[in-house]
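To keep things clear, I will list the structure first and then write my remarks on it.
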Amino acid sequence: MKSYDVIIIGAGHNGMAASIKLAKTGRKVLILESSSEFGGMASSNILLNDNVNQPLPHLINHLCSKSIKDLDLIKYGLKTKNFFIPSISVDKNQNCISFSGSYGSQIDGMDSNEKANWEKLKKRMFFQANLLKKFLYKSPINRENNSLFDKLDFLKTGINLRIKGREEFQEFFRMMLMCVADILEEEINNDLLKGLLAFDATLGINLGPRSPTSYMGLLYRLAGEFNGAQGAQIFPEGGIPKLIETFYKSSTSAGVEFIFKNEAKNLIFENNKVTGIKTQNGEEFFADIVLSSVSPIKTFFDFIGSQRLDTGLLREIKSLRYKGNVSKLNLLLNKIPKSSFLSNEQLSARITYTPSINHVEKNFNPSKYQQLPEDPNFELLFPSIIDETNINNNGIIASIIIQNTPYSLKDGWDSSKKLLYNKIMLTLETIFPDIKKSVLASKLISPLDIETIFNVPGGHWHHSELQIDRMYSLRPVFKYSSYRTPIHGLYICGAGTHPGGGISGKSGINAANQIIKDQKQNNH
Amino acid sequence: MNSQHKNYDVIIIGAGHNGLVNACYLQKAGLNVLVLEKNDWIGGAAVSRELTPNILYSNCSYVCSLFRPEIMRDLELPKHGLQIIGIEGGTTFTQDGRYLANYRNYHSKRREMARFSVKDSEAYERYSRDVTRQCRFIQPLLMRTAPDPASFKSKDIGEIFYLIKQFNELSPDQMAETIRFWTMSISDYLDEYFENDVIKASLALSGIIGTALGPMSPGTAYVLLHHYMGEVDGSIGSWGYARGGMGAITQALSSSFKSFGGELITESEVENILIKNNQAKGVALKNGNEFYSSNIVSNADVKRTFLKLVDDKFLPPSFVKKVKNFKIRGSSGKVNIGLDSMPDFPAVPKGDPCIKGDIHFTDSIERMEKAYDDWKNGTWSQDPFLDMMIPTATDPTMAPPGKHFMSCFVQYCPPKVYGKDWTQEKKEAFGETVIKQIEDYSPGFREKIIHMEIRTPKELEDEVGLTEGNIFQGELTFDQLLFNRPVPGYAQYRSPLKGLYICGSSTHPGGGVMGAPGRNAAIEILKDLKKPTSHARSAYEVI
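Same order as they appear, the protein sequences are chains R and C. Heads up, the first sequence is in the working numbering, so the first residue is 46 and it goes up one at a time. Heads up, the second sequence is in the working numbering, so the first residue is 3 and it goes up one at a time.
Set out below in structure tokens:
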């Protein structure tokens, strides 16, 4: 009989993070993964040709030093040289501004007056993000986790805010639910800078820069830190594949067992308690604790099943907005592209096509009606130019993340892929005139493809919308925002839980801590 | 008596409904109050004007619900002629020739909904319960001055505790619900209850009236609440017609004001507020006259008050910057039409009361959102969203028998077209967009038009003084509500200058013909002047 202490569904980075924490306590942990790869949505499942793969994500913003330490990632190979990959915001007329250092501490292409205004705004944004950072990384406070200790955090934050002075205090409450466009327009004139920030605030979220609450998206990004550097944008050495590999190595070293190509199909129940999992092949595995790291939609509908859920909860889960809107275009080029206005050095940056706030907003509009944007905004990275250790002889990879490309297209994705590809190419040609000729291979992955390839309903980066009404204590729903579910012994983690998506491992760590805490309490 | 030299206790700039409410409470407390109005008629945006012979137009605001019943009683408005007639229902017409009526009677409403979706008609019970719960939470706050959370004064700390207590009375689940409600779009919120597009659209519409947001913008669930918080004759969420048009409200207020001994002068546009030693001293009119008082209350919006009427050398620069950042965005237009006879709406059975209420043409939230996209783009909506009413079908006093006044409120209409000023040509094109749409649903409509007044935000600004024609004197988004309205630190009707106050919709609790800002400001002023406030009764218990 295959019996464990904990079975984890899904070998995404959060599932692995949880497994490391649990295995280090001496628990016997099994991870069941439906595909042949570890890494979930960050796995190297996307091949450009036989030898070349480039995962969906290409940068990290949210891997904090505590998590790195908790998960022993450095011991198992995590290396980063350059903390801050610069961003360069471009338009179609060869204009650009270069944004580097700790989220724009250095900007080229703007006059000193503007720079001073930006510094002021940035200081305030960093201060606010810093206040919220504590909540980003801890388990949310809710009906079960509401000790005095937890409530004290709010009081401390309030005090930290108030002692900064009246102005800072007032601005916090004024700005919190604003749209990022209004905030930017109050202080800054430069369109390229505003476009970049508007993009950063709304990437992966179904909001435009003029949508109220979109500022929170920017704060979320700025609350991320890497090794103490706030607002960092990191390219780990070896790229994302190498980073994900350190999670895997750390798990296996801790004694975690992995079984691939064996999809979890049903939970095995005894009364209202979970006792194990039945997989696609008909095999059964037993454990008192099951942790599902897949999308809550899947967990609640497929694994728990509607007959075990009360109507109210069922309705809430049904209303989760799980349809994604981000696509990925990976290109394999036969040489480093030559730009008509960017220097070779600037090609080691994240290049964003983000001419202005209005441009980003205009491209957001069609997505509300399940249509493609006219002139899509995207961010582009050349992983092998940034990281010389990553060069392979097959060619230069261009990794492009495209915004506002909805999961359900009125015209269907089959007929729209070529259209989207051409639109991106047209824009790329204004930056790199000869790029089209040097394309050896290309792969365009829509949210629909993400759903199929990675087994994520809706193909959503965050599993379900990461907006204020579904953040923190409300994620995925208020009743179950501390990694527990209505089923005894069944837990959840992953992007669909706090703190959301992005490679941080926090959700896995928090869920593991919750499991450990609960089991300790039950034993008393 | 030469009123120029008489020193008044309070001078109020603007005879809009909030200014008049403010004036009444102050005069009733025994102060000597003077109201100065720039036009030769009073009422601000709550007016009835005879724009074509014999027909009265409520040519700005057109329907009544939010006016606080407590104020109506305190100021004895029914005694001064105010009568509000409840609307029995409204209707939404779809492009395929159907209609969805919305009756005030709960069971009729649900039966009607069931014609479109039985599931949704059942969900409506949950929906109305949940929205009413949100109303119950917010309503007590309307008639209370917002606290200043940054202050350590005992009254502010006391008010914060009051708010916390209110919030704590909710169960944790209800708290979560409330937070979600405040941060969601009306579209997403409705998706959690309903499946039918027409039903969702008909419920979403009050989430966008007067705002520069679309139904898919977060925060519009709150705007819906704002429109839901009123009542007519105890029926919460109902709307009604003031007999004689919206001007009846301000006429009653003016009559009440004068009955307490107040003085009101029209054709007196204030050009400048006189300041000396950081203290208000009086006002200087455009025509050269001056009036003196050490208490000046402005009913104009916060931008007009502090950027036009006060020299900025008297104001702290950070305050001026914040006022400049306060968002007042014109998003609505109005087309007021005098008709020869009642329009036909063949989709609806003859005699159905629903066409006497609010009439809309919409099939889906998507259609409304597209109208918003046009506005963002800088022009008026090519397929605008209309909120139309024919008050004369219910109120016989506004027009001769058989003739009618139709009010069309239009979302969306920008203050400038692609950044350039409105021209007569563009205005007419805008009017035509509206008429054309109505014609689609009401054959022969055009031939019934006797007279038409097309109002873009520009007209509203020029005539009534509302900056950019925004009917709320400022957007109703969270960054501009409660202790943020109009500016953090100055959300209690006072300004940086001693004796200078504001009482219009730019202040808490915001716009609509409510009267609460005017009343709350009066209470603060009376407190400052150490005068009694007991004649301003507090908010009724919400059941």
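Built from N, CA and C at the ideal position, the CB exists for glycine as well.
Exercise for the section: Kindly list, in the order they appear in chain C, the residues whose Cβ is closer than 9 Å to that of proline 257/R. Expected result: Thr185, Ser187, Leu215, Ser219, Pro220, Gly221, Thr222, Thr479, Phe480, Asp481
Handout entry: Interface residues of the stretch 399-413 of chain R facing chain C [CB-CB below 7 Å]
Key = Glu406, Asn410, Lys413
Problem - Candidates Val405/R, Ser79/R, Val74/R, Ile490/R, of which the one nearest asparagine 251/R by Cα - result: Val405/R
Exercise for the section: Compare the C-beta of leucine 511/R with all C-beta atoms of chain C and state if any pair is closer than 8 Å. Expected result: no
Exercise for the section: Note down the Cα distance separating isoleucine 86/C from tyrosine 126/C, rounded to an integer number of angstroms. Expected result: 27 Å
Practice task
Whole angstroms is fine: what's the gap from isoleucine 76/R's alpha carbon to aspartate 122/C's?
Solution key: 43 Å
Practice task
Check whether the stretch 239-259 of chain C touches the stretch 66-84 of chain C, taking contact to mean three or more Cβ pairs, one atom from each stretch, closer than 8 Å.
Solution key: yes
Exercise for the section: Using a threshold of 8 Å, state whether the C-beta atoms of arginine 539/C and glutamate 72/C are closer than that. Expected result: yes
Exercise for the section: State the Cα-Cα distance for the pair glutamate 427/C and asparagine 338/C, rounded to the nearest angstrom. Expected result: 18 Å
Practice task
Let me know the secondary structure DSSP gives serine 60/C once reduced to three states.
Solution key: coil
Exercise for the section: Output, in chain order, the set of chain R residues within a Cβ distance shorter than 8 Å of glutamate 368/C. Expected result: Lys413, Tyr414
Handout entry: Min CB distance glycine 491/C to chain R below 8 Å
Key = yes
Practice task
Identify, in the order they occur along the chain, each residue of the same chain with its Cβ nearer than 6 Å to the Cβ of proline 478/R, setting aside the five sequence neighbours on each side.
Solution key: Ser385
Exercise for the section: Report yes if the CB atom of isoleucine 548/R is closer than 8 Å to the CB atom of isoleucine 105/R, and no otherwise. Expected result: yes
Problem - leucine 511/R vs glycine 457/R beta-carbon contact at 8 Å - result: no
Exercise for the section: Scan the stretch 306-336 of chain C for residues whose Cβ lies nearer than 8 Å to a Cβ of chain R and list them as they occur along the chain. Expected result: Ser320, Asn327, Lys329
Practice task
Give the interface partners of arginine 182/C over in chain R, defined as CB-CB distance under 7 Å, in chain order.
Solution key: Asp514, Leu519
Exercise for the section: On a CA-only basis, which of Asp389/C, Tyr10/C, Tyr108/C, Ser173/C is nearest serine 240/C? Give me that one, please. Expected result: Tyr108/C
Exercise for the section: Look at the alpha carbon of phenylalanine 346/R and the alpha carbon of lysine 323/R, and state the distance between them as a whole number of angstroms. Expected result: 16 Å
Exercise for the section: Answer with yes or no whether the minimum CB distance from asparagine 170/C to chain R is below 8 Å. Expected result: no
Practice task
Can you check the stretch 79-141 of chain C for any alpha helix (DSSP H) of at least 4 residues that lies completely inside it and give the ranges in chain order?
Solution key: 108-116
Problem - Pick from Lys468/R, Glu315/R, Leu473/R that is closest to alanine 443/R, judged by C-alpha positions - result: Leu473/R
Problem - For isoleucine 532/R, the three-state DSSP class (helix, strand or coil) - result: coil
Exercise for the section: Report, in whole angstroms, the separation of the C-beta atoms of glycine 18/C and glycine 506/C, which I expect to be a contact under 8 Å. Expected result: 7 Å
Practice task
Say whether chain R places a C-beta atom closer than 8 Å to the C-beta of glutamate 371/C.
Solution key: yes
Exercise for the section: May I ask you to verify whether the stretch 385-399 of chain C touches the stretch 325-332 of chain C, counting CB pairs closer than 8 Å and requiring at least 3? Expected result: no
Problem - Through-space distance from glutamate 329/R to isoleucine 181/C, alpha-carbon basis - result: 42 Å
Problem - Unbroken stretches of the beta strand (DSSP E), 3 residues or longer, contained in the stretch 134-178 of chain R - result: 141-145, 151-153
Handout entry: C-beta neighbour in chain R for alanine 152/C, strict 8 Å
Key = yes
Handout entry: leucine 354/R versus His533/R, Ile130/R, Gly369/R, Ile53/R, residue with shortest Cα-Cα distance
Key = His533/R
Problem - C-beta neighbour in chain R for asparagine 2/C, strict 8 Å - result: Because chain C spans 3 through 545 in this model, residue 2/C falls outside it and cannot be assessed.
Handout entry: Nearest-angstrom Cα separation, counted from glycine 269/R out to glutamate 424/R
Key = 19 Å
Handout entry: Those residues which DSSP pairs with asparagine 437/R across a bridge
Key = Gly440/R
Exercise for the section: Measure the alpha-carbon distance for methionine 248/C versus glycine 45/C and round it to whole angstroms. Expected result: 9 Å
Problem - Collapsed DSSP secondary structure at alanine 87/R in the structure displayed - result: helix
Practice task
Note down the Cα distance separating asparagine 307/R from glycine 327/R, rounded to an integer number of angstroms.
Solution key: 9 Å
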